[in-house]
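Note sheet for the following structure.
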Amino acid sequence: MSRYSVTLAGETDFAGWRDAARRLVLNDVPPHDVVWQTEASTDLFGASGAPLPPAPEGKTLNVSREFIDSAEGVICHSDPARFALLYRLLYRQRSEPNLLKIASDLDVTALRDMAKSVRRDIHKMRAFVRFVRIGEGDEERYVSWFEPDHYIVVRNAPFFIRRFTGMRWTIFTPHASADWDGEKLAIGPGAMRNDVPREDTSNTLWRTYFSSIFNPARLKVKAMQAEMPKKYWKNLPEASLIPELIKGADAAARKMLETMPTLPAPHHAKIQERIWNKPEEQLPEIASNLSELRAQASACQRCPLHRDATQTVFGEGPADARVVFVGEQPGDHEDLAGRPFVGPAGRVFDEVIEEAGIEREKLYVTNAVKHFKFTPRGKRRLHQRPNVGEISACRWWVEQELSMVKPNLVVAMGATAAHSLLGQAIPVTQMRGQVVTRDDGLRVFLTIHPSFILRIQDQDEAKAERARFLTDMCAVAELAAVA
Amino acid sequence: MSGLPLREKLAILADAAKYDASCASSGAKGRNSLKSKGIGSTEGSGICHSYAPDGRCISLLKILMTNFCIYDCSYCINRSSSNVRRARFSIDEVVKLTLDFYKRNYIEGLFLSSGVIRSPDETMSEMVEIARRLRIDHSFQGYIHLKTIPEASDELIEQAGIYADRLSINVELPTDEGVKQLAPQKKPETIRVSMANLRLKIEEKSEPTLQTKRKQRFAPGGQSTQMIVGADATTDSQILTTSSRLYSGYKLRRVYYSAFSPIPDSSSALPLIRPPLMREHRLYQADWLMRFYGFEKDEIVAAQPNGMLDLEIDPKLAWALANRHAFPVDVNSAPREMLLRIPGIGSKVVKRLLEVRRYRRLRLEDVGRLCVSISKVRPFIIADGWSPGGSTDALNLRERLAPQPKQLSLF
Chain A
1 MSRYSVTLAG ETDFAGWRDA ARRLVLNDVP PHDVVWQTEA STDLFGASGA PLPPAPEGKT
61 LNVSREFIDS AEGVICHSDP ARFALLYRLL YRQRSEPNLL KIASDLDVTA LRDMAKSVRR
121 DIHKMRAFVR FVRIGEGDEE RYVSWFEPDH YIVVRNAPFF IRRFTGMRWT IFTPHASADW
181 DGEKLAIGPG AMRNDVPRED TSNTLWRTYF SSIFNPARLK VKAMQAEMPK KYWKNLPEAS
241 LIPELIKGAD AAARKMLETM PTLPAPHHAK IQERIWNKPE EQLPEIASNL SELRAQASAC
301 QRCPLHRDAT QTVFGEGPAD ARVVFVGEQP GDHEDLAGRP FVGPAGRVFD EVIEEAGIER
361 EKLYVTNAVK HFKFTPRGKR RLHQRPNVGE ISACRWWVEQ ELSMVKPNLV VAMGATAAHS
421 LLGQAIPVTQ MRGQVVTRDD GLRVFLTIHP SFILRIQDQD EAKAERARFL TDMCAVAELA
481 AVA
Chain B
1 MSGLPLREKL AILADAAKYD ASCASSGAKG RNSLKSKGIG STEGSGICHS YAPDGRCISL
61 LKILMTNFCI YDCSYCINRS SSNVRRARFS IDEVVKLTLD FYKRNYIEGL FLSSGVIRSP
121 DETMSEMVEI ARRLRIDHSF QGYIHLKTIP EASDELIEQA GIYADRLSIN VELPTDEGVK
181 QLAPQKKPET IRVSMANLRL KIEEKSEPTL QTKRKQRFAP GGQSTQMIVG ADATTDSQIL
241 TTSSRLYSGY KLRRVYYSAF SPIPDSSSAL PLIRPPLMRE HRLYQADWLM RFYGFEKDEI
301 VAAQPNGMLD LEIDPKLAWA LANRHAFPVD VNSAPREMLL RIPGIGSKVV KRLLEVRRYR
361 RLRLEDVGRL CVSISKVRPF IIADGWSPGG STDALNLRER LAPQPKQLSL F
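If you're matching them up, the sequences are chains A and B in order. The first sequence begins at 1 in the UniProt record's numbering and counts up one residue at a time. The second sequence begins at 1 in the UniProt record's numbering and counts up one residue at a time.
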């Protein structure tokens, strides 16, 4: 015979459980010495046992927030053993402070399963409550009948308040009801199914929607029942359609498969004529200006890089620019925006040339390779260096840009640009600051790519590198002025 | 046409929308009606309010504004050459239907798509107007997903993002060649640029503004897309390549795979097949492995002949069977990345294993209490008092773990 018997005021009397459990545990009463029951169940077993001892003075009890949260949920479970389980866990935690972290412990497993079951019940109530509208105008109210597995009405009511604040509604269940009048919540006693009307004008439309959104060619009855078990069906206006839909699915799908394709609909030809059959604007085969060249390049498939990139990122700037800057290839941001030098490296570039007294608006900026080359890595795209084949393929565009802009100085930023402009691999870090004159007389100034500065981890080194890049840009400013 | 009764319009325009797989109502920021005294809330994770016998959840009122369309995409029930019945909702009808359904707790919100009539901008602006009326005129706080028309103007997309929780643009098919073949009037390059612009806009708006120091509201649920699987000869490997490109490039929340399904009055350009549902399922599993389990696409398809995923067993088990040298994994000492690769163990279980491990050593029965079925896991792990011995390398392991062959009963 247990020494103590605790009678709680109701099925979800958390405050009562908490008070009793505190007193018991502070008096070191082991779990097997306590019987837990509610007022509703006392008639069966009868209240017995000694009165609870008061909590010893000066003794305190610390319990983790995690356990309280979990217990508040689990107390809503319909299993009469929940009170004892919670007390056992509370008791054990005094000697095993990390007990809740031991997910494989039997009591912890039971707690987790109960919590999960309550959570699922709460979720299903949010999903499957169906309101029926009664009354019009000022009398308009929404009522619902729902049969939860656990004692969750009180715990779930705030959700319905947050969602249906502007409506007056009542949810009836067998053990309790929740009523919202637009201002405050009232919890009442349980009700009976027949107390709540079933029909609503919107039912018909909803049932129409349910049968129309169903695709008979993909029948998966088990998947449906796993998420919407049959026990809920009787209170869902759409569920009575399910047997018919399943029965007719095979024939409906077969019909779709077996029906031979028909002739195009009558309006089809008109639409084709009016909208799609207009002659497309033909681009000249040889571009005669930058905008034609840009249009041609937008469809470039000269190398495989167009497959994965978003778009061709073409050069930008005045057609009569004195100086052309050539970078490596568009980066992540440039690929998305479709414009060169607008990402992080572009910002460094902008800052430095401004310090060097170069006006960006007067430059033509472009890249040696016009599509972004990358490898996807999870949520990011990692930049990859273009290879010789890709550089050569894209030289087609770079050289045409140069021949149209006719600059008197080109700045090659980084090895890829230098390779593209000079037709061979160039040790840029060694030759930076130098001017190489091509056979066609075009002067090419060599420097690093501004993204190089961003990749340097050490702050001081990065600063020094930035300073060197600024020196290069000042040299460019002078060269441009002389020419 | 506008003479059709509402119920018939609903039947036509829901039927027209059902081939879009996207249903999620998640990802939106917490929002409720306590202040506005209206209706509607979103609390992060979505709610599925019903399930159709096709196993798909019904979370949103998923309809087309109209199924008139100037495009002629051969896989689509609404293509201009199809003889399907046509209908068109008025703006008010969609608004009222959404509110009426929401008030009965049938739905989480609206997923509005449309055939393109006259011009993309005209269609898009009507869709935006529906979203605006719901949000502003009716202070509706529920979920709104707008299917974006790639060719629509920037200003319309901007407004769409203000009212909608999620925007999506369908890539339609996994490869550009496929789009050109089956949706000749759609331009893959335009679709890409639209997705890129959307990502830039979402990122730009998530920065606090200088004046108000507050973030602007713009598609808090991000963007998603869908592609049709099985309408052309694309392999799973190509499909997953496209997915990883989309996830990494445009920060999509979801890529939906939609098994090509027969449609009424289908085009002669298409195979008359039953929807490859198992293939669709395996693609979702592979997609999950890439996003939450640290798998790279190449690892998943490396051991698969012809670049197709194994239909009999899930891709994680397939990887483990092809990489037995990596097993058994000691659950008491292996790093997280390796625990995530054990077949039959999900990321939640891994989290619990790691937690328990800090306090005590794990025995096989401990692991059993944490996962759904220990029999699938057992050959791949070492635990206190348990070693799989030679069973990890046993030649018949695949047969023992694969589900019993049975006639796939799709119909």
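We put the CB at the ideal spot given by N, CA and C, even for glycine. If you're wondering where the values come from, they're calculated on a predicted model, not measured in any experiment.
Where SER451 (chain A) sits in the DSSP three-state scheme: Position 451 of the first sequence holds residue 451 (chain A). In the three-state DSSP reduction, SER451 (chain A) falls in the helix class (H, G or I).
Identity of the residues DSSP links to PHE160 (chain A) by a beta bridge: Residue numbering aside, residue 160 (chain A) sits at position 160 when the first sequence is read from its first letter. DSSP output for PHE160 (chain A) lists no bridge partner at all.
If the cut is a Cβ gap below 8 Å, which residues of chain A does CYS57 (chain B) touch? Counted from its first residue, the second sequence places residue 57 (chain B) at position 57. In chain order: GLU227.
Report the partner residues of TRP36 (chain A) according to the DSSP bridge assignment. Taking the first sequence and counting its residues from 1, the one referred to as residue 36 (chain A) is at position 36. In DSSP, TRP36 (chain A) forms a bridge with A:VAL6.
Straight-line Cα distance separating GLU158 (chain B) from GLU189 (chain B): Locating residue 189 (chain B) in the second sequence gives position 189, counting from the first residue. Locating residue 158 (chain B) in the second sequence gives position 158, counting from the first residue. Distance between the alpha carbons of GLU189 (chain B) and GLU158 (chain B) is about 20 Å.
Using the Cα positions of PHE210 (chain A) and PRO5 (chain B), report the straight-line distance between them to the nearest angstrom. What you label residue 210 (chain A) is simply residue 210 of the first sequence in a count that begins at 1. What you label residue 5 (chain B) is simply residue 5 of the second sequence in a count that begins at 1. Approximately 17 Å between the Cα atoms of the pair.
Contact between the segment 49-69 of chain B and the segment 286-299 of chain B: three or more CB pairs below 8 Å? The answer is no - the segment 286-299 of chain B does not touch the segment 49-69 of chain B, with fewer than three Cβ pairs under 8 Å.
For ALA251 (chain A), count neighbouring Cβ atoms within 10 angstroms of its own Cβ and tell me buried if that reaches 16, exposed if not. Residue numbering aside, residue 251 (chain A) sits at position 251 when the first sequence is read from its first letter. Flag for ALA251 (chain A) reads exposed.
Range of the contiguous beta strand (DSSP E) that encloses LYS103 (chain B): One-based indexing of the second sequence puts residue 103 (chain B) at position 103. Counting along the chain, LYS103 (chain B) sits inside no beta strand (DSSP E); it lies in the alpha helix (DSSP H) bounded by residues 91-103.
Taking only beta carbons into account, state which residues of the segment 254-272 of chain B come closer than 8 Å to chain A, listed in chain order. Residues passing the 8 Å Cβ filter: ALA259, SER261, PRO262, ILE263, PRO264, ASP265, SER266, SER267, SER268, LEU272.
In this structure, does DSSP put ILE102 (chain A) in helix, strand or coil? On the first sequence, residue 102 (chain A) is found 102 positions in, with the first residue counted as 1. Coil.
State the CB to CB distance for the pair GLY38 (chain B) and SER139 (chain B), rounded to an integer number of angstroms; the pair is presumed to be in contact (CB under 8 Å). Numbered from its first residue, the second sequence carries residue 38 (chain B) at position 38. Numbered from its first residue, the second sequence carries residue 139 (chain B) at position 139. Their Cβ separation, rounded to whole angstroms, is 4 Å, which keeps GLY38 (chain B) and SER139 (chain B) in contact under 8 Å.
Any C-beta of chain B under 9 Å from that of GLN296 (chain A): Position 296 of the first sequence, counted from the first residue, corresponds to residue 296 (chain A). Chain B contact via Cβ: absent.
Are three or more beta carbon pairs between the segment 325-333 of chain A and the segment 379-398 of chain A nearer than 8 Å? yes
Per DSSP, cross-strand counterpart(s) of CYS57 (chain B): Locating residue 57 (chain B) in the second sequence gives position 57, counting from the first residue. B:TYR51, per the DSSP bridge assignment.
Taking DSSP as the reference, what is the three-state secondary structure of ASN67 (chain B)? Residue mapping note: residue 67 (chain B) aligns to position 67 of the second sequence, counting from 1. Three-state DSSP puts ASN67 (chain B) in coil, outside helix and strand.
Is it buried or exposed, TYR256 (chain B), if we count other Cβ atoms within 10 angstroms and call 16 or more buried? The residue you call residue 256 (chain B) lines up with position 256 of the second sequence. Its Cβ being crowded by 16 or more others within 10 Å, TYR256 (chain B) is buried.
In chain A, which residues lie with their C-beta within 8 Å of the C-beta of GLN181 (chain B)? Against the second sequence, residue 181 (chain B) aligns to sequence position 181. Those within 8 Å of GLN181 (chain B) in chain A number zero; the least Cβ separation is about 16 Å.
Going by alpha carbons, who is nearest to PRO291 (chain A) out of A:LYS101, A:GLY315, A:PRO344? Position 291 of the first sequence holds residue 291 (chain A). A small fix is needed here, since residue 291 (chain A) is Ser in this sequence, not Pro. The residue with the shortest Cα to Cα distance from SER291 (chain A) is A:GLY315.
Three or more C-beta pairs under 8 Å: does that hold for the segment 330-348 of chain A against the segment 271-279 of chain A? no
I'd like to know whether the C-beta of LEU410 (chain B) is nearer than 9 Å to at least one C-beta of chain A. Mapped onto the second sequence, residue 410 (chain B) falls at position 410. Low confidence applies to LEU410 (chain B): its pLDDT is 45, below 50, so where it sits in the model is not reliable, and the reading given next is rough at best. It does: the Cβ of LEU410 (chain B) has a partner Cβ on chain A nearer than 9 Å.
Determine whether the Cβ of MET1 (chain B) lies closer than 9 Å to any Cβ atom of chain A. Along the second sequence, one-based indexing puts residue 1 (chain B) at 1. Low per-residue confidence applies at MET1 (chain B): pLDDT is 48, beneath 50, and the placement is therefore not dependable enough to give any value.
Just to confirm before moving on: does the CB-CB distance between VAL301 (chain B) and SER243 (chain B) stay below 9 Å? Along the second sequence, read from residue 1 onward, the residue named residue 301 (chain B) stands at position 301. Along the second sequence, read from residue 1 onward, the residue named residue 243 (chain B) stands at position 243. It is not a contact, given that the beta carbons lie outside the stated cut-off.
contact_flag[the segment 146-153 of chain A, the segment 119-128 of chain A] where n(CB pairs < 8 Å) is 3 or more: yes
Listed in chain order, which residues of the UniProt region "Disordered" (24-43) of chain B have Cβ atoms closer than 7 Å to some Cβ of chain A? Going along the UniProt region "Disordered" (24-43) of chain B in chain order, one finds ASN32, SER33, LEU34, LYS37, GLY38, ILE39, GLY40, SER41 with a Cβ nearer than 7 Å to chain A.
VAL436 (chain A) - DSSP class collapsed to helix/strand/coil: The count along the first sequence starts at 1 and reaches residue 436 (chain A) at position 436. Residue state, collapsed to three classes: strand.
Any beta carbon of chain B sitting closer than 9 Å to that of GLN384 (chain A)? The residue labelled residue 384 (chain A) in the question sits at position 384 within the first sequence. Interface criterion not met: the Cβ of GLN384 (chain A) is under 9 Å from no Cβ in chain B.
Just tell me which of A:SER403, A:THR310, A:PRO318, A:LEU409 has its CA closest to the CA of PHE374 (chain A). The residue labelled residue 374 (chain A) in the question sits at position 374 within the first sequence. For the residues A:SER403, A:THR310, A:PRO318, A:LEU409, the minimum Cα distance to PHE374 (chain A) belongs to A:THR310.
Looking at the structure shown, is PHE380 (chain B) part of a helix, part of a strand, or coil, going by DSSP? Looking up residue 380 (chain B) in the second sequence gives position 380. Of the three classes helix, strand and coil, the one that applies to PHE380 (chain B) here is helix, per DSSP.
What are the residues that DSSP puts in a beta bridge with ASN367 (chain A)? Position 367 of the first sequence, counted from the first residue, corresponds to residue 367 (chain A). Note: ASN367 (chain A) sits in a beta bridge opposite A:GLY327.
Applying the criterion that 16 or more other CB atoms from any shown protein chain within 10 Å of the CB defines a buried residue, is ASP138 (chain A) buried or exposed? By one-based count along the first sequence, residue 138 (chain A) stands at place 138. Classification for ASP138 (chain A): exposed.
Taking 9 Å as the CB-CB limit, is ILE12 (chain B) close to chain A? Residue mapping note: residue 12 (chain B) aligns to position 12 of the second sequence, counting from 1. Residue-level contact by beta carbon holds for ILE12 (chain B) and chain A, with a gap shorter than 9 Å.
Give the residues from the segment 191-202 of chain B that approach chain A closer than 7 Å (Cβ to any Cβ), ordered along the chain. ARG192, VAL193, ALA196, ARG199, LEU200
Just the chain A side, please: which residues come within less than 9 Å of PHE101 (chain B) by C-beta, in chain order? Residue 101 (chain B) sits at position 101 when you count from the first residue of the second sequence. SER202, LEU205, TRP206, TYR209, listed in chain order.
Where does THR190 (chain B) fall in DSSP's three states? Mapped onto the second sequence, residue 190 (chain B) falls at position 190. Helix, per DSSP.
Cβ-based neighbour list, PRO237 (chain A), same chain, cut-off 7 Å, excluding 5 preceding and 5 following: As a first step, residue 237 (chain A) is located in the first sequence; it is residue number 237 there, counting from the start. Contacts found: ARG130, ASN203, TRP206, ARG207.
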